[in-house]
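**Q** Provided herewith is a single structure, encoded as structure tokens, for subsequent inquiry.
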Amino acid sequence: MSAWRALVFSAWLLVALIHLLPLAGLAGAGRLQALYGLAEAPTDALLLLLQHRAWQFGLLAAAALWALWQPALRLPMACLVLASDAGFLLLFALSSHSGPALQRVAWADGVSMVALTLVQVDIWRAGR
10 MSAWRALVFS
20 AWLLVALIHL
30 LPLAGLAGAG
40 RLQALYGLAE
50 APTDALLLLL
60 QHRAWQFGLL
70 AAAALWALWQ
80 PALRLPMACL
90 VLASDAGFLL
100 LFALSSHSGP
110 ALQRVAWADG
120 VSMVALTLVQ
130 VDIWRAGR
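Residue numbers for the sequence shown, in the numbering used here: 10 to 137.
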């Protein structure tokens with residue numbers, strides 16, 4: 010494997026790992042409080058919504074991993090993950106809630122976007 014291929018493969022793995030982390034929220038309210046810096050335990054309705062979010066991020070991570078072995082999926086998966094990351098960063102920038110836990114999420118999404126830039130360059134190079 011060339012150095013470039015190894016870099017792109019590592020970028021995909023990093024993107025998947027970043028998006029796997031929220032899956033820990035399925036473990037319950039305490040884990041969600043730690044992940045997102047919540048001062049209080051979430052209500053039952055908020056717990057359900059946050060656990061659903063955790064599940065969706067697990068699916069997004071699985072899709073990113075799947076794209077590693079299915080080249081035809083790389084462009085749509087990269088676009089999907091990029092849209093998710095950019096969406097959170099936009100909402101974060103417009104929000105007044107910027108505690109340390111959410112700053113870590115924003116930072117991780119920024120790292121993911123940089124990794125996805127490498128992926129997009131690889132897709133572009135393969136299409137030439």
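Beta carbons: idealized from backbone N, C-alpha and C, even for Gly.
It should be emphasised that the depicted structure is a prediction, and the values quoted were computed from it without experimental measurement.
Between the segment 53 to 61 and the segment 117 to 126, do three or more beta carbon pairs fall short of 8 Å?
**A** The segment 53 to 61, when compared against the segment 117 to 126, does not touch it at the 8 Å Cβ threshold.
**Q** For PRO109, does the three-state DSSP call read helix, strand or coil?
**A** Locating residue 109 in the sequence shown gives position 100, where the first residue counts as 1. Here PRO109 sits in helix by DSSP.
**Q** Can you grab the Cα-Cα spacing for the pair VAL17 / VAL90, in whole Å?
**A** Walking along the sequence shown from the start, residue 17 turns up at place 8. Walking along the sequence shown from the start, residue 90 turns up at place 81. Near 15 Å, if we compare the C-alpha coordinates of VAL90 and VAL17.
**Q** According to DSSP, simplified to helix, strand and coil, what is LEU47?
**A** Start at 1 with the first residue of the sequence shown, and residue 47 comes out as number 38. Residue state, collapsed to three classes: coil.
**Q** So, are the CB atoms of LEU127 and ALA20 less than 7 Å apart?
**A** Taking the first residue of the sequence shown as position 1, residue 127 is located at position 118. Taking the first residue of the sequence shown as position 1, residue 20 is located at position 11. The answer is yes: Cβ separation under 7 Å.
**Q** Can you tell me the Cα-Cα spacing of ILE132 and ALA70, whole angstroms?
**A** Here residue 132 refers to the residue found at position 123 when the sequence shown is read from its first residue. Here residue 70 refers to the residue found at position 61 when the sequence shown is read from its first residue. Rounded to whole angstroms, ILE132 to ALA70 spans 19 Å at the Cα level.
**Q** Taking only the alpha-carbon atoms, compute the straight-line gap between LEU41 and ALA135 and give it to the nearest angstrom.
**A** Translated into the one-based positions of the sequence shown, residue 41 becomes position 32. Translated into the one-based positions of the sequence shown, residue 135 becomes position 126. About 40 Å.
**Q** On a CA-only basis, which of ARG14, GLY46, VAL130 and LEU103 is nearest PRO109? Give me that one, please.
**A** Residue 109 sits at position 100 when you count from the first residue of the sequence shown. The shortest C-alpha separation from PRO109 is found at GLY46.
**Q** In this structure, does DSSP put SER121 in helix, strand or coil?
**A** For the purposes of this step, residue 121 is taken as the residue at position 112 of the sequence shown. In the structure shown, SER121 sits in a helix (DSSP, three-state: H, G or I).
**Q** Hey, how far is the Cα of LEU33 from the Cα of ALA50?
**A** One-based indexing of the sequence shown puts residue 33 at position 24. One-based indexing of the sequence shown puts residue 50 at position 41. The sequence as given places Ala at residue 33; Leu does not occur at that position. If you take the alpha carbons of ALA33 and ALA50, they lie about 16 Å apart.
**Q** Determine the contact status of PHE66 and HIS106, defining contact as a CB-CB distance below 7 Å.
**A** Your numbering for residue 66 matches position 57 in the sequence shown. Your numbering for residue 106 matches position 97 in the sequence shown. Going by C-beta atoms, PHE66 is not nearer than 7 Å to HIS106.
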